[in-house]
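First up is the structure itself, then whatever we jot down about it.
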Amino acid sequence: MSIIELLASFSLLAISIFFYLTKNNKSRASSKSDSNLPKSYPLIGSSVAIFGNRKRLIQWTSDLIRNSPSATVVLHRFLDDSRVVTGDPANVQHMLKTQFQNYEKGSKSRRALFDFLGNGIFNIDGDSWKFQRQLSSHEFSTKSLRKFVENVVDTELSQRLIPILSAAAANNAVLDFQDILQRFAFDNICKIAFGYDPAYLLPDLPEAEFAKTFDEAAKISSGRLISVFPYLWKIKSFLNIGSEKRLKEASSQLREFAKNIIKEKKQQISKNSSLESVDLLSRFLSSGHSDEDFVTDIVISFILAGRDTTSAALTWYFWLLSQKPRSGEGST
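Residue numbers (our numbering): 22 to 353.
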């Protein structure tokens, strides 16, 4: 490198540092009244605090929101990659309902989740999102699908969940209830989406391969999304090492599994056109949507939507009940 190039590099570096220092000072001055926010530094923002709380990120951000007068905080990350975290119902309604069209997922989110979700509804914007939303909404509004969902859940309750809980109560055994409810939700959503039973909630609590692979792909993908230093996962992906190698393998296995089921469903439908379409996959295929990648993306998104959300809601519900075991103690 020549002397001129070296001086030019130092000049650009000095300008960058000055810019971030100036911006950071303004930011600190404007938020001086909020002492609960983590300390923000030039260039790296609050990455130190975010990294330090990475294993309790939900609890940590919940505490920040709870201690904020506006129930909204802005976390500055590496190279001024800012994230807004809010617990204000009005903000949530504004972003997810009244002005939803103004809040796209964006290219960063799409890149981080593409290997896992592809072009599914949780990873797209605009007309593609609208099309999948209308398609899904139509199917879920049918009485036949609601009846099918009811039958699936009733079977899982009566034949699996209740017997396991009854046996544990009779033997005075301890269960990881959150794990039980995750298994319960996973079996249900796979039957509803694919018409496939992973048999994850059995008395011996097996380690179902499909469930394990799905969980690993979801975990690594979400890790990409919240990574303090996103360049790190991109480098690992380019080199095909570590967690990125495992993600590629898991995503490939999931898609191969899904496409095998799609092929089987197509054969069933072609052999018997009067075959009743009960699960979502059969309904999509019967309505003319035969592109394997398109259908796979939709179904994987629905499994993701119904897995953790249902089990988390049920876990909190029973936790709240446990805090008030007698009705006379007040409502939850």
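Backbone N, C-alpha and C define an ideal beta-carbon position, used for all residues, glycine too. These numbers were taken from a predicted model, which means no experiment stands behind them.
query: Measuring CA to CA, which of I319, R328 and R347 is closest to F135?
result: Taking the sequence shown and counting its residues from 1, one reaches residue 135 at position 114. In terms of Cα proximity to F135, the closest of I319, R328 and R347 is I319.
- request: For Q203, count neighbouring Cβ atoms within 10 angstroms of its own Cβ and tell me buried if that reaches 16, exposed if not.
  value: Residue 203 sits at position 182 when you count from the first residue of the sequence shown. With 16 or more other Cβ atoms within 10 Å, it is buried.
task: Run the CB neighbour count on H97, radius 10 Å, all protein chains shown included, and call it buried at 16 or more, exposed below.
output: Taking the sequence shown and counting its residues from 1, one reaches residue 97 at position 76. Buried.
Inter-stretch contact at 8 angstroms, needing at least 3 Cβ pairs: the segment 299-318 / the segment 151-166: Touching, per the Cβ criterion.
query: Looking at the structure shown, is T93 part of a helix, part of a strand, or coil, going by DSSP?
result: Position 72 of the sequence shown, counting from 1, holds the residue named residue 93. Note: T93 maps to strand in three-state DSSP.
task: Enumerate in chain order the residues of its own chain whose CB-to-CB distance from I247 is below 7 angstroms, with the five nearest sequence positions on each side excluded.
output: Position 226 of the sequence shown, counted from the first residue, corresponds to residue 247. Counting only Cβ-Cβ distances below 7 angstroms, and skipping sequence neighbours, we find L78.
query: Whose C-beta lies closer than 6 angstroms to the C-beta of S343 among residues of the same chain, with five residues either side of it excluded?
result: Walking along the sequence shown from the start, residue 343 turns up at place 322. If we look at S343 and ignore the five residues flanking it on each side, it has no Cβ neighbours.
message: I need the boundaries of the beta strand (DSSP E) containing T330, first residue and last residue.
response: Position 309 of the sequence shown holds residue 330. It is not in any beta strand (DSSP E) - T330 instead sits in the alpha helix (DSSP H) that spans E313 to Q344.
- prompt: Between F212 and the rest of its own chain, which residues show a CB-CB distance below 6 angstroms, the 5 nearest in sequence each way excluded?
  reply: Locating residue 212 in the sequence shown gives position 191, where the first residue counts as 1. Going by the sequence as given, residue 212 is Lys instead of Phe. Excluding sequence neighbours, K212 sits near V173 and D218.
- request: Round the Cβ separation of N57 and N88 to the nearest angstrom and send it over; I've been treating them as touching at under 8 angstroms.
  value: Working through the sequence shown from its first residue, we reach residue 57 at position 36. Working through the sequence shown from its first residue, we reach residue 88 at position 67. 4 angstroms between Cβ atoms; contact.
message: Please report the straight-line C-alpha distance between L368 and L325, rounded to a whole angstrom.
response: This structure does not reach residue 368, given that the chain is present from 22 up to 353, and the question cannot be answered.
task: Consult DSSP for Y62 and reduce its assignment to one of helix, strand or coil.
output: By 1-based counting over the sequence shown, the position of residue 62 is 41. Three-state result, Y62: strand.
- prompt: So what does DSSP say about R167, is it helix, strand or coil?
  reply: Position 146 of the sequence shown holds residue 167. The answer is helix: DSSP assigns R167 an H, G or I state.
query: Quick one: Cα of K47 to Cα of I71, how far?
result: Counting from 1 along the sequence shown, the entry for residue 47 is found at position 26. Counting from 1 along the sequence shown, the entry for residue 71 is found at position 50. Confidence is the limiting factor: at K47 the pLDDT is only 47, short of 50, which leaves the residue's position unreliable and the question unanswerable from this model.
field: Whole-number beta carbon distance between I185 and P227, since they are thought to touch under 8 angstroms
entry: As a working note, residue 227 is residue 206 in the sequence shown. As a working note, residue 185 is residue 164 in the sequence shown. Actually they do not touch by this definition, with Cβ atoms about 12 angstroms apart.
query: Which residue comes first and which comes last in the alpha helix (DSSP H) that contains T119?
result: As a first step, residue 119 must be located in the sequence shown, where it is residue number 98. Element bounds for T119: n/a, residue is neither H nor E.
task: Using a threshold of 7 angstroms, state whether the C-beta atoms of A232 and F215 are closer than that.
output: Position 211 of the sequence shown, counting from 1, holds the residue named residue 232. Position 194 of the sequence shown, counting from 1, holds the residue named residue 215. It is not a contact, given that the beta carbons lie outside the stated cut-off.
task: Within 10 angstroms of the Cβ of F339, are there 16 or more other Cβ atoms? Answer buried if so, exposed if not.
output: If you number the sequence shown from 1, residue 339 lands on position 318. Exposed, by the Cβ-count rule.
- prompt: From this set, A229, K257 and N293, which residue's C-alpha is nearest I241's C-alpha?
  reply: Residue 241 sits at position 220 when you count from the first residue of the sequence shown. Here the closest residue by C-alpha is K257.
message: Quick check on the DSSP output: the alpha helix (DSSP H) that includes R245 runs from which residue to which?
response: To locate residue 245, count along the sequence shown from 1; it is residue 224. It spans E230 to I247 - the alpha helix (DSSP H) in which R245 sits, taken as one unbroken run.
- prompt: With C-beta atoms as the reference, is S322 less than 7 angstroms away from F198?
  reply: In the sequence shown, the residue the question calls residue 322 occupies position 301. In the sequence shown, the residue the question calls residue 198 occupies position 177. No; because the gap between Cβ atoms is not below 7 angstroms, this pair is not in contact.
message: Let me make sure I understand the geometry here. Which of P59, G73 and S68 has the alpha-carbon closest to that of I86?
response: For the purposes of this step, residue 86 is taken as residue 65 along the sequence shown, with counting starting at 1. The shortest Cα separation from I86 among P59, G73 and S68 belongs to P59.
C-alpha distance - Q153 paired with S264, whole-angstrom precision: Residue 153 sits at position 132 when you count from the first residue of the sequence shown. Residue 264 sits at position 243 when you count from the first residue of the sequence shown. Rounded to the nearest angstrom, the two C-alpha atoms are 30 angstroms apart.
field: Residue burial classification, L341 (beta-carbon count within 10 angstroms, cutoff 16)
entry: On the sequence shown, residue 341 is found 320 positions in, with the first residue counted as 1. When all chains shown are included, L341 counts as exposed.
- request: Mind reading off the beta-carbon distance from A133 to R245? Whole number of angstroms is fine, and I expect it under 8 angstroms.
  value: Taking the sequence shown and counting its residues from 1, one reaches residue 133 at position 112. Taking the sequence shown and counting its residues from 1, one reaches residue 245 at position 224. Their Cβ separation, rounded to whole angstroms, is 4 angstroms, which keeps A133 and R245 in contact under 8 angstroms.
task: Could you give the DSSP three-state label for S130: helix, strand or coil?
output: What you label residue 130 is simply residue 109 of the sequence shown in a count that begins at 1. The answer is helix: DSSP assigns S130 an H, G or I state.
Helix, strand or coil at R347 according to DSSP, with G and I counted as helix: Counting from one through the sequence shown, the residue named residue 347 turns up at place 326. Here R347 sits in coil by DSSP.
task: Check S83 in the structure and name its three-state DSSP category.
output: Translated into the one-based positions of the sequence shown, residue 83 becomes position 62. Helix at S83.
query: Is the distance from the Cβ of S16 to the Cβ of V95 below 7 angstroms?
result: Because the chain is modelled from 22 through 353, residue 16 falls outside the range shown and cannot be assessed.
- request: Give me the Cα-Cα distance between R266 and K255, rounded to the nearest whole angstrom.
  value: Here the question's residue 266 lines up with position 245 in the sequence shown. Here the question's residue 255 lines up with position 234 in the sequence shown. Looking at the sequence provided, one finds Lys at residue 266 rather than Arg. Roughly 11 angstroms separates the two Cα atoms.
- prompt: For F278, which residues from the same chain have a beta carbon less than 7 angstroms from its beta carbon, with the 5 sequence-adjacent residues on both sides left out?
  reply: As a working note, residue 278 is residue 257 in the sequence shown. These residues qualify, in order along the chain: F231.
query: How many whole angstroms separate the CB atoms of K287 and L268, which I take to be in contact at a CB cut-off of 8 angstroms?
result: Taking the sequence shown and counting its residues from 1, the one referred to as residue 287 is at position 266. Taking the sequence shown and counting its residues from 1, the one referred to as residue 268 is at position 247. Between K287 and L268, the beta carbon gap of about 28 angstroms keeps them out of contact (Cβ cut-off 8 angstroms).
- prompt: Who does V106 pair with in a DSSP beta bridge?
  reply: Taking the sequence shown and counting its residues from 1, the one referred to as residue 106 is at position 85. In the DSSP output, where bridge partners are listed per residue, V106 has V94.
- prompt: Are E177 and N140 touching if we call contact CB-CB under 7 angstroms?
  reply: Translated into positions along the sequence shown, residue 177 becomes position 156. Translated into positions along the sequence shown, residue 140 becomes position 119. It is not a contact, given that the beta carbons lie outside the stated cut-off.
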